[in-house]
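*Asks:* Have a look at this one before I ask anything.
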Amino acid sequence: MTDTFSRWRDGLAKTSKSAFGRVASLLGATEITAETWDDLEALLIQADLGIAIATDIIETLRGYTRDLGLLRSDELKDALQAELRSRLDEVGEVTLAESPPSVILLVGVNGSGKTTSAAKLGARFLSQGKKVIFGAADTFRAAAVEQLQVWGQRLQIDVISGQPESDPGAVAYNTVQAGIARGADIILIDTAGRLHTRFNLMQELEKVERVVGKALPGAPHAVWLVMDTTTGQNALQQARAFKESVGVTGVILTKLDSSARGGMVFAIRQELGLPILFAGLGERTEDLEIFDPDAFIEGILAAF
Ligand SMILES: Nc1nc2c(ncn2[C@@H]2O[C@H](COP(=O)(O)OP(=O)(O)OP(=O)(O)O)[C@@H](O)[C@H]2O)c(=O)[nH]1
Ligand SMILES: [Mg+2]
């Protein structure tokens with residue numbers, strides 16, 4: 091069995107080699123000059139931390155350098171590592187219903203990885219001995235239902251679906267009812283990422299959220315926003331829209347393995363104030379890790 095740290099290191103190889111690898115080469119045995127700060131700031135922005143966070147980190151490191159009288163830029167590596175780590179202080183906790191079943195809604199823009207994450211989460215819950223049921227509430231795209239059905243067959247998880255173009259709220263409602271009737275512990279509902287307009291999508295998601303609460307008071311117990319880390323700072327704007335419409339309780343980051351700019355993680359944590367719960371490090375069902383700040387930092391700074 092590979093340990094957590096090596097899975098993260100492998101998954102984050104792109105980020106550690108490109109974005110943070112350049113930071114490592116910048117921080118060599120050279121004198122700290124004004125240029126060092128400019129270059130470091132530019133590299134942090136390129137790594138997708140966002141301008142505000144990059145500027146803030148530079149300010150902190152500058153103060154630290156003055157206080158400690160650091161002269162060589164390689165002396166900044168530890169300080170940068172500690173600074174990055176401190177920005178991910180809180181570890182997100184998965185909170186579900188006190189007694190089963192728990193209803194989890196997966197939301198996010200199209201292509202962010204909702205359906206794949208549903209499969210990964212399904213596999214994870216199954217491995218914990220839980221009974222899982224899927225709801226295919228993306229009725230907008232016929233292929234979306236089929237995709238979830240393929241996963242359902244592979245994992246032997248029942249999938250509740252409706253007719254194409256049918257009401258996603260009704261599918262969600264039926265899924266919760268079926269989950270209760272079949273004694274499921276976890277009811278995972280996959281939703282659409284695209285409709286005719288963003289406004290329609292948000293309205294629909296709000297309705298799905300309301301309707302599952304009618305099928306089971308207290309539901310949904312979790313609304314997880316699935317975010318593609320390869321889309322950069324754009325994803326933040328989209329995330330705010332979801333946060334305003336539905337009660338997002340946590341974030342699942344996907345495609346960290348294909349992103350070269352893992353700095354998004356800091357931006358998401360700081361700008362959205364939402365706990366990061368899971369991270370996708372590949373396309374297979376086992377490639378979903380509980381978000382581990384230490385393993386993440388170690389992974390992105392492997393070149394340090
Ligand atoms: N490398 C990598 N690929 C991923 C990861 N998560 C999802 N993908 C891929 O991203 C693509 C889109 O994933 P989906 O799960 O279909 O995304 P979705 O949010 O359901 O998309 P829509 O249903 O169109 O809204 C697929 O090709 C997945 O295999 C990940 O963590 N790593
Ligand atoms: Mg999908």
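This note's numbering numbers the first residue of the sequence shown as 91 and each following residue consecutively.
For every residue, glycine included, the Cβ atom is placed at its ideal position computed from N, Cα and C.
1. Quick check: the Cα distance between residue 285 and residue 230, rounded to an integer number of angstroms?
2. Please classify residue 215: is it buried, with 16 or more other beta-carbons within 10 angstroms of its beta-carbon, or exposed?
3. Suppose contacts are defined by Cβ-Cβ distances below 9 angstroms. Is residue 138 in contact with residue 393 by that definition?
4. Where does the unbroken alpha helix (DSSP H) through residue 377 begin, and where does it stop?
5. Taking one C-beta from the stretch 182-200 and one from the stretch 165-173 each time, how about it: are there three or more such pairs within less than 8 angstroms?
6. Among all the DSSP beta bridges, which residues are the ones paired with residue 370?
7. Starting from residue 301, follow the beta strand (DSSP E) in both directions and report where the run begins and ends.
8. Enumerate, from N- to C-terminal direction, the unbroken beta strand (DSSP E) stretches of 3 or more residues contained entirely within the stretch 145-174.
9. Using the rule of at least 16 other Cβ atoms within 10 Å of the residue's Cβ for burial, across every protein chain shown, is residue 271 buried or exposed?
10. Here's the rule: buried if 16 or more other CB atoms are within 10 angstroms of the residue's CB, otherwise exposed. What is residue 289?
11. Per DSSP, which one or two residues make a beta bridge with residue 317?
12. Helix, strand or coil for residue 194, going by three-state DSSP, please let me know.
13. Report yes if the CB atom of residue 316 is closer than 9 angstroms to the CB atom of residue 310, and no otherwise.
14. For a test of the three-state rule: what should DSSP assign to residue 222, helix, strand or coil?
15. Report yes if the CB atom of residue 379 is closer than 9 angstroms to the CB atom of residue 203, and no otherwise.
16. Looking only at C-alpha atoms, which of 336, 143 and 166 sits nearest to residue 120?
17. By Cβ distance, which residues of its chain are closer than 7 angstroms to residue 106, with the 5 residues on each side in sequence left out?
18. Can you give the Cα-Cα distance for residue 158 and residue 116, rounded to whole angstroms?
19. Residue 287: buried (16+ other C-beta within 10 angstroms of its C-beta) or exposed?
20. Alpha carbons only, please: which of 148, 208, 94 and 240 is nearest the one belonging to residue 313?
21. In its own chain, which residues sit with a C-beta less than 7 angstroms from the C-beta of residue 151, not counting the 5 before and 5 after it?
22. Any heavy atom of ligand 2 inside 8 angstroms of the beta-carbon of residue 237?
23. In whole angstroms, what separates the C-alpha of residue 176 from that of residue 325?
24. Please classify residue 206 as buried or exposed, where buried requires at least 16 neighbouring CB atoms within 10 angstroms.
25. On the DSSP bridge list, what partners appear for residue 143?
26. Looking at ligand 1, does it come within less than 8 angstroms of residue 244, judged from the CB to the closest heavy atom?
27. For residue 261, report the span of its alpha helix (DSSP H) as first-last.
28. Could you name the residues of the same chain whose beta carbon sits closer than 6 angstroms to that of residue 114, not counting the 5 residues immediately before and after it, in chain order?
29. Got a sec, what are the start and stop residues for the beta strand (DSSP E) residue 280 sits in?
*Replies:* Taking the coordinates as given:
1. For the purposes of this step, residue 285 is taken as residue 195 along the sequence shown, with counting starting at 1. For the purposes of this step, residue 230 is taken as residue 140 along the sequence shown, with counting starting at 1. Cα to Cα, residue 285 sits roughly 7 angstroms from residue 230.
2. Counting from one through the sequence shown, the residue named residue 215 turns up at place 125. So residue 215 counts as buried.
3. The count along the sequence shown starts at 1 and reaches residue 138 at position 48. The count along the sequence shown starts at 1 and reaches residue 393 at position 303. Not a contact, by the Cβ cut-off of 9 angstroms.
4. The sequence position of residue 377 within the sequence shown is 287, counting from 1. Unbroken run through residue 377: none, as it is neither H nor E.
5. no
6. For the purposes of this step, residue 370 is taken as the residue at position 280 of the sequence shown. For residue 370, which the question treats as bridged, DSSP gives the partners 378.
7. Reading the sequence shown from its first residue, position 211 is the one you call residue 301. Counting along the chain, residue 301 falls outside any beta strand (DSSP E), though it belongs to the alpha helix (DSSP H) covering 288-305.
8. If we require 3 residues or more, the stretch 145-174 turns out to have no beta strand (DSSP E) run fully inside it.
9. The residue labelled residue 271 in the question sits at position 181 within the sequence shown. A residue is called buried when at least 16 other Cβ atoms come within 10 angstroms of its Cβ; residue 271 does not meet this threshold and is exposed.
10. Start at 1 with the first residue of the sequence shown, and residue 289 comes out as number 199. The residue in question, residue 289, is exposed, as its Cβ has fewer than 16 Cβ neighbours within 10 Å.
11. For the purposes of this step, residue 317 is identified with residue 227 of the sequence shown, where counting begins at 1. DSSP output for residue 317 lists 343 as bridge partner(s).
12. Translated into the one-based positions of the sequence shown, residue 194 becomes position 104. Note: residue 194 maps to strand in three-state DSSP.
13. As a position in the sequence shown, residue 316 is number 226, starting the count at 1. As a position in the sequence shown, residue 310 is number 220, starting the count at 1. Cβ distance not < 9 angstroms, so residue 316 and residue 310 don't count as in contact.
14. As a first step, residue 222 is located in the sequence shown; it is residue number 132 there, counting from the start. Here residue 222 sits in strand by DSSP.
15. Mapped onto the sequence shown, residue 379 falls at position 289. Mapped onto the sequence shown, residue 203 falls at position 113. The answer is no: Cβ separation not under 9 angstroms.
16. Counting from 1 along the sequence shown, the entry for residue 120 is found at position 30. Ranking 336, 143 and 166 by Cα distance to residue 120 puts 166 first.
17. Here residue 106 corresponds to residue number 16 of the sequence shown, with the count starting at 1. Cβ neighbours of residue 106 beyond the five flanking positions: 389, 390, 391, 392 and 393.
18. On the sequence shown, residue 158 is found 68 positions in, with the first residue counted as 1. On the sequence shown, residue 116 is found 26 positions in, with the first residue counted as 1. Cα to Cα, the separation comes out at about 20 angstroms.
19. Here residue 287 refers to the residue found at position 197 when the sequence shown is read from its first residue. Around the beta-carbon of residue 287, fewer than 16 other beta-carbon atoms lie within 10 Å, marking it exposed.
20. In the sequence shown, residue 313 corresponds to position 223, counting from 1. Closest by alpha carbon: 208.
21. For the purposes of this step, residue 151 is identified with residue 61 of the sequence shown, where counting begins at 1. So the list reads 166, 169, 170 and 173, once near-sequence residues are dropped.
22. Within the sequence shown, residue 237 is the residue found at index 147, counting from 1. Answer for residue 237: yes, Cβ within range of ligand 2.
23. As a first step, residue 176 must be located in the sequence shown, where it is residue number 86. As a first step, residue 325 must be located in the sequence shown, where it is residue number 235. Straight-line Cα distance between these residues: approximately 23 angstroms.
24. On the sequence shown, residue 206 is found 116 positions in, with the first residue counted as 1. Residue 206 is buried by the Cβ-count criterion.
25. As a first step, residue 143 is located in the sequence shown; it is residue number 53 there, counting from the start. Residue 143 is not bridged to any residue.
26. Working through the sequence shown from its first residue, we reach residue 244 at position 154. Because no heavy atom of ligand 1 lies under 8 angstroms away, the Cβ of residue 244 does not count as near it: no.
27. By one-based count along the sequence shown, residue 261 stands at place 171. Run containing residue 261: 258-271, per the alpha helix (DSSP H) assignment.
28. What you label residue 114 is simply residue 24 of the sequence shown in a count that begins at 1. Only 393 and 394 meet the Cβ criterion.
29. Here residue 280 refers to the residue found at position 190 of the sequence shown. 276-280 is the extent of the beta strand (DSSP E) around residue 280.
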